[in-house]
Every structure is written in C-alpha cells, then in structure tokens.
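Peer 1: My questions all concern the structure below.
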Amino acid sequence: MLTSICGINWGDEGKGRMVDLLSRDYDIVCRYQGGNNAGHTVINDKGKFILNLLPSGILREDVVCVMGPGMVIDLKHLCGEIQKLRSAGIKISPENLKISDKAIITMPYNVLQDIMEEDRLAKATGKPYGSTRRGIAPVYADKYLKKAFRMGELLNLDLLYKRLPDIVDWKNMTIKAYGFTPISVEDMKAYFEEYGAILKDYIIDVGMYLNKANAEGKKIMFEAQLGALRDIDYGIVPYTSSSSTIAAYAPIGAGVPNLKLDKSIGIMKAYSSCVGAGPFTCEYFGEKADKLRELGGEYGAATGRPRRVGPFDAVASRYGIMCQGADEIALTKLDVLDSYEEIEICTHYELDGKIIDHFPFTDVLDLCKPVFEKVKGWNCDISHCRKAEDLPKEALDYIRLLEKLCGCKIKYVSVGAERDACIVMD
Numbered sequence: 002m003l004t005s006i007c008g009i010n011w012g013d014e015g016k017g018r019m020v021d022l023l024s025r026d027y028d029i030v031c032r033y034q035g036g037n038n039a040g041h042t043v044i045n046d047k048g049k050f051i052l053n054l055l056p057s058g059i060l061r062e063d064v065v066c067v068m069g070p071g072m073v074i075d076l077k078h079l080c081g082e083i084q085k086l087r088s089a090g091i092k093i094s095p096e097n098l099k100i101s102d103k104a105i106i107t108m109p110y111n112v113l114q115d116i117m118e119e120d121r122l123a124k125a126t127g128k129p130y131g132s133t134r135r136g137i138a139p140v141y142a143d144k145y146l147k148k149a150f151r152m153g154e155l156l157n158l159d160l161l162y163k164r165l166p167d168i169v170d171w172k173n174m175t176i177k178a179y180g181f182t183p184i185s186v187e188d189m190k191a192y193f194e195e196y197g198a199i200l201k202d203y204i205i206d207v208g209m210y211l212n213k214a215n216a217e218g219k220k221i222m223f224e225a226q227l228g229a230l231r232d233i234d235y236g237i238v239p240y241t242s243s244s245s246t247i248a249a250y251a252p253i254g255a256g257v258p259n260l261k262l263d264k265s266i267g268i269m270k271a272y273s274s275c276v277g278a279g280p281f282t283c284e285y286f287g288e289k290a291d292k293l294r295e296l297g298g299e300y301g302a303a304t305g306r307p308r309r310v311g312p313f314d315a316v317a318s319r320y321g322i323m324c325q326g327a328d329e330i331a332l333t334k335l336d337v338l339d340s341y342e343e344i345e346i347c348t349h350y351e352l353d354g355k356i357i358d359h360f361p362f363t364d365v366l367d368l369c370k371p372v373f374e375k376v377k378g379w380n381c382d383i384s385h386c387r388k389a390e391d392l393p394k395e396a397l398d399y400i401r402l403l404e405k406l407c408g409c410k411i412k413y414v415s416v417g418a419e420r421d422a423c424i425v426m427d
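So this is what it looks like as structure tokens:
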C-alpha cells in the first residue's frame, strides 16, 4: 500500500497531525520534497512537537522514516531538530531514520541569498515573495543549475572539496553584487565537517531501501510539505515554494519513480489560512480575521508569523483536490468554528462582473472577489465527539455541504489537536 498525504490549499492544513495519526497503520513514512521552510505541528501523549525536516512518523517507535532525494536539507537545522527530539525522549538512530544520498544540501550561502533577495524586493518593490528566508529557492535553483551538493558527497569529502572552490567563487559574485561580505571555502568546509560527521551514518540509497520494502509488502506513506497552491508548477506563482508539493511527485521525490500510488489523501481545514504573500481571495480582515486567527491559533509553525485567515474557499479547494488527485479528504480544525452561530463559505468568485467557479490564472486572482454563502453554525463544543453521530446536525450539515461543493469524500474529521480527537466518517 502506497499512500500520499498532501495539502489541498496554501499549506498548514494539518498534514503532520494526520500523518501522526494514520502512520499507526504504516511501516514507513517518507518526506519527498521541501526543506525546513514549513512546520508540521504534532500533539500526542509524548508532548507537542514542531517538525520542519523530519517526517511526522518519527514520533512512532515502530515506524521507519525516510528523507527522500526531492528534499533540500539544512545540515545544522536537521542536527538541531534531531537533538531536540532526543531530549524529549524520542528515539532516533540509523535504524529508524534513513536519509537519501541524492537529497540536496542547503548551504549557509543559500540562506544568505534568500535573505538578500527578500530584502531587495521589499525595498525596491514593496512586494517581497513572503519567503521564510531559509534558503529554499536558492538551493533548488542550484540543484537545477547542477551546482548543488548532495548528501552522498558527505561520505567522500575529498571529492567534494575538489568542487567547492569553484562554487564558492561563483556564489561570491552574487553575494558581492548585493554588497555583502564574501563567503570562504574554509567556512563551508567547517559546515560539512561538523554536521556531516553527525549525519553520515544515516545516508543510504533510499530508492533501493523503499523498493525492497515494497516488494516485501510493507506499507509506505509519503508525506508532503505545504499544499497544492504552493506548488512550483500549479500554485500561485511566484508566491509558491520551489518544489513540487503534489501527490503525483511523491514516488519521484521519494526515490522510487518506478512505483505508483494506491491512494492520495488530501488534507484541508474547515476554514482557510495562508502564510506569506500572494493572492488570497477569501481573506478576512479586521475583527473577523483576528477572531478566527486567535481561535485557530493561526501562527506559522516554522516562522511564528501570523497567518492570513478566511472562510472555507470551495473554489480553491476544488482546484487543490484536482491537482492532488485526492481520493478522500481529512478535514481538520472543525472545532475552531464551535462558537460561530453563522458560518460563511466562499462558494464562487466574481471576476469582471461575472460569477466563476474555477480557480483562475494567478495574474487575475487579485481581481477576483469572493462570493459567500452563509450557513447555520452549531455554537457548541464538539471537541469530545469521536463518532459521526456525536456531532450536532449543523456540524454534519457543514461537512456534507463541503463534500458536495468539493466533489470529494470527507473520510476523517479532526475535532482537536490530540492524536485521538478525530472522527472516521461513514
């Protein structure tokens, strides 16, 4: 069984929470793209954890976690994340964590590039991309320019160091053009040596490992970062990540392009949230935004930035479900809407005076206006509910309406952050 867990919207939908829950039925969890530019928040009986690079399955002792070749890995950040989890009593060793030798290394100069360009954009245009400033776009650019370093090179530093001086010279041309102090070869060597020594025992050919596991009948879950609207090809470019966040990329980014998914589970919130810049048609402002943001605790797990919020956006969600090829949906944070007597849903957009129900090209999204429908809220606490029949009628009606608007079965409904606060729908 090969299953992808993927985001339907702008990211921060609750993928980590659902991976932590559903991984009980899987042998392996594999992250297949992205870096430490987003966080997966997980709350269970062991505590509260924010995972940036490690797969969310790392919190289950009997699950093996894999970091695939589609990822970009900040060595210092990963070492810190591992140490933090160990301090909380989480076991991490080469037996339960495998890192692809083909995964790309995020370098300190990639982080510097990210910061320099965001600052330049903010000053020159007043419209930065909303980057997390963790080097993701520059390191993916290096990958496709064939000037990046891969994790497997940490196993043979002598060969790596033959490439290093030319790449440092090349990077310094850019860094000096921004008016910053050039980097040194020696500093980059120190980065490889300090953190590479810690991680080298985890590095393997994960393609061979996953193919063998699949042949043995092991169940594999693929975990995505961010959501469909942040995909480099199908998202709201340029306000996206720099990797492919869609389920179809999972086998490729995991190191097993020869395998095919059996199931795609899409994750979406019972309302909308968005971190960073870019078009967000259904956005709330003022008191309406403040109330929803506080009720949902909508602050970025990786950055702490306040998230932009709004009502459920059926137009964007239909598009995200199509991009992800979702077979079923997990709806998260339904309990956040407990205190609302009336709930708005964005069912359509208005563009140039016409009502549309499709998600348009990015350039015209800022011209779109949301068309809202209001439904009756349940105005009571549902966090104790564990079966569909425990939910009030209005909550069930809301779930069924979202199903109808999105055209996809809602299989799971989260009513709290805890591992067991989830309802499996009929």
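Counting in the working numbering, the sequence shown runs from 2 upward without gaps.
Here a beta-carbon is modelled for each residue, glycine too, at the ideal position from N, C-alpha and C.
1. For I205, which residues of its own chain have a beta-carbon under 6 Å away from its beta-carbon, when the five flanking residues on both sides are left out?
2. On the three-state DSSP scale, how would you describe L3?
3. Which residue's Cα is closest to the Cα of R403: Y110, L3, A422 and P312?
4. Let me make sure I understand the geometry here. Which of M72, N157 and A89 has the alpha-carbon closest to that of G48?
5. Starting from A331, follow its DSSP beta bridges and name the residues at the other end.
6. Whose C-beta lies closer than 6 Å to the C-beta of T4 among residues of the same chain, with five residues either side of it excluded?
7. Looking at the secondary structure, which residues open and close the beta strand (DSSP E) in which L113 lies?
8. Does DSSP put H78 in a helix, in a strand, or in coil?
9. I'd like to confirm the pairing. Which residues does DSSP put opposite T42 in its beta bridges?
10. Under a three-way DSSP split, which group does F313 fall into?
11. For P280 and K124, what's the separation of their Cα atoms in angstroms?
12. Assign A149 to one of three DSSP states: helix, strand, or coil.
13. So, at 6 Å on beta carbons, what are the nonlocal neighbours of D143 in its own chain, with the 5 sequence-adjacent residues on each side left out?
14. Does the distance from the CB of A191 to the CB of R151 come in under 8 Å?
15. For my contact list, G301 and G131 are in at a C-beta cut-off of 8 Å; report their separation, rounded to the angstrom.
16. Mind checking which residues open and close the alpha helix (DSSP H) that includes Y162?
17. Is G35 buried or exposed, if buried means 16 or more other CB atoms sit within 10 Å of its CB?
18. I need the boundaries of the alpha helix (DSSP H) containing L211, first residue and last residue.
19. My assumption, with CB atoms under 8 Å, is that L55 sits in contact with N45. Please give the rounded CB distance.
20. Could you tell me which of D314, C324, G297 and H349 sits nearest to V337, measuring between CA atoms?
21. Do three or more CB pairs link the region 186-203 to the region 244-251 at distances below 8 Å?
22. Thinking just about the alpha-carbon of each residue, which of Q325, M19, E351 and I137 is nearest to the one in F373?
23. Using alpha carbons as the reference points, say which of K412, I357, A418 and D364 lies closest to I383.
24. Pick from F362, V425 and V365: whose alpha carbon is nearest that of A389?
25. Using the Cα positions of L146 and Y110, report the straight-line distance between them to the nearest angstrom.
26. At 3 residues or longer, and completely inside the region 3-37: list those beta strand (DSSP E) runs for me, N to C.
27. Name the one or two DSSP bridge partners that M222 has.
28. From M450 to Y250, what distance separates their C-alpha atoms?
29. Closer than 6 Å by C-beta to N37: which residues in its own chain qualify, once you throw out the five before and the five after it? Chain order, please.
30. Unbroken beta strand (DSSP E) runs of length 3 or more, entirely within the region 322-393: which are they?
31. What is the rounded straight-line gap between the Cα of E284 and the Cα of A290?
32. Mind pulling the alpha helix (DSSP H) runs of 4 or more residues that sit fully within the region 229-306?
33. Within 10 angstroms of the Cβ of Y340, are there 16 or more other Cβ atoms? Answer buried if so, exposed if not.
34. If you check the beta carbons only, do R231 and G40 fall under 8 Å apart?
35. How long is the line joining the alpha carbons of L113 and P393, rounded to whole angstroms?
36. Quick test of your reading: P307 and R319, contact by CB under 8 Å. State the CB separation rounded to the nearest angstrom.
Peer 2: On the basis of the coordinates in this document:
1. As a first step, residue 205 must be located in the sequence shown, where it is residue number 204. Counting only Cβ-Cβ distances below 6 Å, and skipping sequence neighbours, we find K99.
2. Position 2 of the sequence shown, counted from the first residue, corresponds to residue 3. If DSSP states are grouped into helix, strand and coil, L3 belongs with the strands.
3. As a working note, residue 403 is residue 402 in the sequence shown. Just to set this straight, residue 403 is Leu in the shown sequence, not Arg. Comparing Cα positions, the closest option is P312.
4. The residue labelled residue 48 in the question sits at position 47 within the sequence shown. When only C-alpha atoms are compared, the closest one is A89.
5. Translated into positions along the sequence shown, residue 331 becomes position 330. In DSSP, A331 forms a bridge with I268 and Y413.
6. By one-based count along the sequence shown, residue 4 stands at place 3. M222 and K264.
7. Position 112 of the sequence shown, counted from the start, is the residue given in the question as residue 113. It is not in any beta strand (DSSP E) - L113 instead sits in the alpha helix (DSSP H) that spans P109 to A125.
8. To locate residue 78, count along the sequence shown from 1; it is residue 77. H78: helix per DSSP, three-state reduction.
9. Start at 1 with the first residue of the sequence shown, and residue 42 comes out as number 41. Paired residues: I51.
10. Mapped onto the sequence shown, residue 313 falls at position 312. Secondary structure at F313: strand, using DSSP grouped into helix, strand and coil.
11. Locating residue 280 in the sequence shown gives position 279, counting from the first residue. Locating residue 124 in the sequence shown gives position 123, counting from the first residue. So the two alpha carbons sit approximately 20 Å from each other.
12. Position 148 of the sequence shown, counting from 1, holds the residue named residue 149. Residue state, collapsed to three classes: coil.
13. Residue numbering aside, residue 143 sits at position 142 when the sequence shown is read from its first letter. Closer than 6 Å at the Cβ level, and outside the excluded window around D143, lie A149.
14. For the purposes of this step, residue 191 is taken as residue 190 along the sequence shown, with counting starting at 1. For the purposes of this step, residue 151 is taken as residue 150 along the sequence shown, with counting starting at 1. Against a cut-off of 8 Å, the Cβ pair of R151 and A191 comes out as no contact.
15. Here residue 301 is taken as the residue at index 300 of the sequence shown, counted from 1. Here residue 131 is taken as the residue at index 130 of the sequence shown, counted from 1. Taking 8 Å as the upper bound for CB-CB distance, G301 and G131 are not in contact here, some 11 Å apart.
16. For this step, residue 162 is matched to residue 161 along the sequence shown. Looking at the DSSP string, the run of the alpha helix (DSSP H) that includes Y162 is L158 to A178.
17. Numbered from its first residue, the sequence shown carries residue 35 at position 34. The residue is buried, with at least 16 neighbouring Cβ atoms inside 10 Å.
18. Position 210 of the sequence shown holds residue 211. Taken as a continuous stretch (DSSP letters only), the alpha helix (DSSP H) holding L211 covers V207 to A216.
19. Counted from its first residue, the sequence shown places residue 55 at position 54. Counted from its first residue, the sequence shown places residue 45 at position 44. About 15 Å; that fails the 8 Å criterion.
20. Indexing the sequence shown from 1 puts residue 337 at position 336. The residue from D314, C324, G297 and H349 with its alpha-carbon nearest to that of V337 is G297.
21. no
22. As a working note, residue 373 is residue 372 in the sequence shown. Comparing Cα-Cα distances from F373 to each of Q325, M19, E351 and I137, the minimum goes to E351.
23. Numbered from its first residue, the sequence shown carries residue 383 at position 382. Ranking the options by Cα distance to I383, first place goes to A418.
24. Here residue 389 refers to the residue found at position 388 when the sequence shown is read from its first residue. Checking every option, the nearest Cα to that of A389 belongs to V425.
25. Residue 146 sits at position 145 when you count from the first residue of the sequence shown. Residue 110 sits at position 109 when you count from the first residue of the sequence shown. Distance between the alpha carbons of L146 and Y110: 15 Å.
26. 3-8 and 29-32
27. As a first step, residue 222 must be located in the sequence shown, where it is residue number 221. Secondary-structure assignment with DSSP links M222 through a beta bridge to T4 and V30.
28. Beyond the ends of the chain as shown, which are 2 and 427, falls residue 450; an answer cannot be given.
29. As a position in the sequence shown, residue 37 is number 36, starting the count at 1. Result list for N37: N53, L54, D75, H78 and R135, in chain order.
30. 329-333, 343-352, 355-357 and 370-377
31. On the sequence shown, residue 284 is found 283 positions in, with the first residue counted as 1. On the sequence shown, residue 290 is found 289 positions in, with the first residue counted as 1. Spanning the two alpha carbons is a distance of roughly 8 Å.
32. For the region 229-306, whole alpha helix (DSSP H) runs of length 4 or above, ordered along the chain, are 251-255 and 287-297.
33. In the sequence shown, the residue the question calls residue 340 occupies position 339. Note that residue 340 is Ser in the sequence shown here, rather than Tyr. Its Cβ having fewer than 16 others within 10 Å, S340 is exposed.
34. Locating residue 231 in the sequence shown gives position 230, where the first residue counts as 1. Locating residue 40 in the sequence shown gives position 39, where the first residue counts as 1. The answer is no: Cβ separation not under 8 Å.
35. One-based indexing of the sequence shown puts residue 113 at position 112. One-based indexing of the sequence shown puts residue 393 at position 392. As the crow flies, the alpha-carbon of L113 is around 51 Å from that of P393.
36. As a working mapping, residue 307 is identified with position 306 in the sequence shown. As a working mapping, residue 319 is identified with position 318 in the sequence shown. Not really, about 27 Å apart at Cβ, beyond 8 Å.
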